[in-house]
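A.B. asks: Questions regarding the structure given below will be posed in turn.
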Ligand code: UDP
Ligand code: MG
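In the numbering used here, the protein residues as written are 19 to 327.
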């Protein structure tokens with residue numbers, strides 16, 4: 019059967035030695051009817067036997083390709099590296115841990131054929147994640163949807179189809195703080211969504227540590243919106259007005275109230291509160307300034323150590 023198109027499966031992988039072969043098997047089983055595709059696995063500086071596992075697959079099947087990064091650059095950078103080197107008419111990005119079922123790819127390709135340039139997927143259930151992670155994710159999406167100008171759906175997964183046209187637009191971006199979940203909706207295009215039931219991780223533990231999650235959340239917010247800066251200005255303004263009113267009261271009390279020394283508590287509370295507020299505001303500004311600083315160096319978002327394509 020001649021399907022007339024070719025596509026790339028892009029899989030970021032960080033210490034996934036136990037998942038690579040099962041993922042490959044399940045991909046090959048479900049994609050058997052498609053004539054031309056490549057499985058581009060981006061090793062994000064794994065310290066286990068992931069690269070060896072990829073190379074072994076490659077020796078039997080030339081459709082498997084491997085890009086090995088020089089160190090752990092993070093999930094978003096790994097996906098970007100894969101997209102930059104994907105050759106298909108579209109690419110499908112998915113996790114290595116089999117949480118993203120390959121069976122859904124058929125539906126995604128159907129949507130692509132119908133003209134969608136980006137096909138998102140959304141989790142139908144969230145149960146395979148720990149309750150704390152679920153609560154944090156929920157809060158994060160609430161906050162980011164409120165802060166950012168684009169709508170980012172809760173439960174949106176990093177499992178999506180991206181058309182060549184969109185890939186070519188993303189490729190020249192050299193963003194050290196890439197946040198695809200925000201960038202793609204911002205780009206527009208005709209999109210559609212496919213729902214899927216998320217499975218449990220096949221092997222190993224999550225590679226998204228709490229730290230990495232917090233970083234991604236802060237990146238998502240501060241690389242997509244300057245609302246926090248405006249908010250900090252607004253808060254500062256409100257606090258100044260309140261402080262001014264309080265100052266008037268304090269002066270009044272000094273002259274007309276005999277119990278002045280008693281004001282110690284309120285002064286302390288006010289000073290601590292305003293001091294804390296100021297530190298938070300400076301922190302927000304610092305986050306943006308730091309981003310500018312790093313981006314202004316113009317460093318690569320990732321460095322490739324080895325490429326077997
Ligand atoms: N990943 C990566 N670099 C990292 C962290 C994760 O390439 O620094 C990959 C990981 O190998 C997996 C995908 O990103 O293929 C999603 O990670 P994970 O499944 O650990 O996240 P979770 O599903 O728990 O949110
Ligand atoms: Mg996972």
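Every residue, glycine too, gets a C-beta built ideally from N, C-alpha and C.
Between the Cα of residue 198 and the Cα atoms of 232, 223, 271, 138, which residue gives the shortest distance?
C.D. replies: On the chain shown, position 180 is the one that residue 198 refers to. If we check each option's Cα against that of residue 198, 138 comes out closest.
A.B. asks: Going by the C-beta, is residue 139 closer than 7 Å to any heavy atom of the ligand UDP?
C.D. replies: Numbered from 1 along the chain shown, position 121 holds the residue referred to as residue 139. No, Cβ of residue 139 sits at least 7 Å from all heavy atoms of the ligand UDP.
A.B. asks: With which residues is residue 210 paired in a DSSP beta bridge?
C.D. replies: Taking the chain shown and counting its residues from 1, the one referred to as residue 210 is at position 192. Answer by DSSP bridge pairing, in chain order: 137.
A.B. asks: For the alpha helix (DSSP H) holding residue 4, just list the boundary residues, first then last.
C.D. replies: Examination of residue 4 is not possible in this model, given that the chain is present from 19 through 327 alone.
A.B. asks: Identify the residues that DSSP records as bridge partners of residue 28: which are they?
C.D. replies: To locate residue 28, count along the chain shown from 1; it is residue 10. Bridge partners of residue 28: 58, 111.
A.B. asks: Quick check: the Cα distance between residue 179 and residue 300, rounded to an integer number of angstroms?
C.D. replies: Taking the chain shown and counting its residues from 1, the one referred to as residue 179 is at position 161. Taking the chain shown and counting its residues from 1, the one referred to as residue 300 is at position 282. The straight-line gap from Cα to Cα measures roughly 39 Å.
A.B. asks: Quick check: is any heavy atom of the ligand UDP less than 7 Å from the C-beta of residue 103?
C.D. replies: Along the chain shown, one-based indexing puts residue 103 at 85. The answer is no for residue 103.
A.B. asks: So, does the region 47-61 touch the region 197-212, judging by three or more C-beta pairs under 8 Å?
C.D. replies: No, because fewer than three Cβ pairs between the region 47-61 and the region 197-212 fall closer than 8 Å, the two stretches do not touch.
A.B. asks: Starting from the C-beta of residue 253, find all residues in its chain whose C-beta is less than 8 Å away, skip the five residues before and the five after it, and write them out in chain order.
C.D. replies: Numbered from 1 along the chain shown, position 235 holds the residue referred to as residue 253. These residues qualify, in order along the chain: 295, 299.
A.B. asks: How big is the Cα-Cα spacing for residue 245 and residue 233?
C.D. replies: Working through the chain shown from its first residue, we reach residue 245 at position 227. Working through the chain shown from its first residue, we reach residue 233 at position 215. Their Cα atoms are separated by approximately 18 Å.
A.B. asks: Thinking just about the alpha-carbon of each residue, which of 240, 289, 190 is nearest to the one in residue 304?
C.D. replies: The residue labelled residue 304 in the question sits at position 286 within the chain shown. With distances taken between Cα atoms, residue 304 lies closest to 240.
A.B. asks: Output the boundary residues of the beta strand (DSSP E) element that contains residue 35.
C.D. replies: For this step, residue 35 is matched to residue 17 along the chain shown. No beta strand (DSSP E) contains residue 35, which is instead part of the alpha helix (DSSP H) from 35-49.
A.B. asks: To which residues of the same chain is residue 121 closer than 6 Å at the C-beta, ignoring the five residues directly before and after it?
C.D. replies: Here residue 121 refers to the residue found at position 103 when the chain shown is read from its first residue. Result list for residue 121: 48, in chain order.
A.B. asks: Please return the same chain residues whose Cβ sits closer than 6 Å to the Cβ of residue 100, not counting the five positions on each side in sequence.
C.D. replies: The count along the chain shown starts at 1 and reaches residue 100 at position 82. These residues qualify, in order along the chain: 28, 58, 60.
A.B. asks: Are the CB atoms of residue 37 and residue 264 within a distance shorter than 8 Å?
C.D. replies: Within the chain shown, residue 264 is the residue found at index 246, counting from 1. Within the chain shown, residue 37 is the residue found at index 19, counting from 1. It is not a contact, given that the beta carbons lie outside the stated cut-off.
A.B. asks: Out of curiosity, what's the CA-to-CA distance linking residue 163 and residue 217?
C.D. replies: In the chain shown, the residue the question calls residue 163 occupies position 145. In the chain shown, the residue the question calls residue 217 occupies position 199. So the alpha carbons of these two residues sit roughly 26 Å apart.
A.B. asks: Please name the residue in 102, 250, 289, 83 whose C-alpha comes closest to that of residue 184.
C.D. replies: Within the chain shown, the letter at position 166 stands for residue 184. When each option's Cα is compared against that of residue 184, the closest is 102.
A.B. asks: Roughly how many whole angstroms lie between the Cα atoms of residue 56 and residue 70?
C.D. replies: One-based indexing of the chain shown puts residue 56 at position 38. One-based indexing of the chain shown puts residue 70 at position 52. Answer to the nearest angstrom: the Cα atoms are 18 Å apart.
A.B. asks: Return helix, strand or coil for residue 218, following the three-state DSSP convention.
C.D. replies: On the chain shown, position 200 is the one that residue 218 refers to. Reduced to three states, the DSSP call for residue 218 is coil.
A.B. asks: Between residue 107 and residue 39, what straight-line distance do the alpha-carbon atoms span, to the nearest angstrom?
C.D. replies: By 1-based counting over the chain shown, the position of residue 107 is 89. By 1-based counting over the chain shown, the position of residue 39 is 21. Cα to Cα, residue 107 sits roughly 25 Å from residue 39.
A.B. asks: So, for residue 269: in the same chain, excluding its five sequence neighbours on each side, which residues have a beta-carbon less than 6 Å away from its beta-carbon?
C.D. replies: Taking the first residue of the chain shown as position 1, residue 269 is located at position 251. If we look at residue 269 and ignore the five residues flanking it on each side, it has no Cβ neighbours.
A.B. asks: Assess, as a yes-or-no matter, whether the region 313-324 is touched by the region 82-92 under the definition of 3 or more beta carbon pairs within less than 8 Å.
C.D. replies: Flag = yes, the region 82-92 and the region 313-324 touch.
A.B. asks: Should residue 219 be listed as close to the ligand MG, given that the test is whether its C-beta is under 7 Å from any heavy atom?
C.D. replies: Taking the chain shown and counting its residues from 1, the one referred to as residue 219 is at position 201. Result yes, Cβ under 7 Å from the ligand MG.
A.B. asks: Can residue 110 and residue 25 be called in contact, C-beta distance under 8 Å?
C.D. replies: As a first step, residue 110 must be located in the chain shown, where it is residue number 92. As a first step, residue 25 must be located in the chain shown, where it is residue number 7. Going by C-beta atoms, residue 110 is nearer than 8 Å to residue 25.
A.B. asks: Any idea if residue 115 is buried or exposed, counting beta-carbon neighbours within 10 angstroms, 16 or more meaning buried?
C.D. replies: One-based indexing of the chain shown puts residue 115 at position 97. Per the 10 Å Cβ criterion, buried.
A.B. asks: Can you find a heavy atom of the ligand MG that lies under 7 Å from the Cβ of residue 211?
C.D. replies: Position 193 of the chain shown, counting from 1, holds the residue named residue 211. No.
A.B. asks: Counting along the chain, where does the alpha helix (DSSP H) carrying residue 82 start and finish?
C.D. replies: Working through the chain shown from its first residue, we reach residue 82 at position 64. It is not in any alpha helix (DSSP H) - residue 82 instead sits in the beta strand (DSSP E) that spans 82-87.
A.B. asks: Taking the DSSP output, what are the residues bridged to residue 174?
C.D. replies: Looking up residue 174 in the chain shown gives position 156. Note: residue 174 sits in a beta bridge opposite 140.
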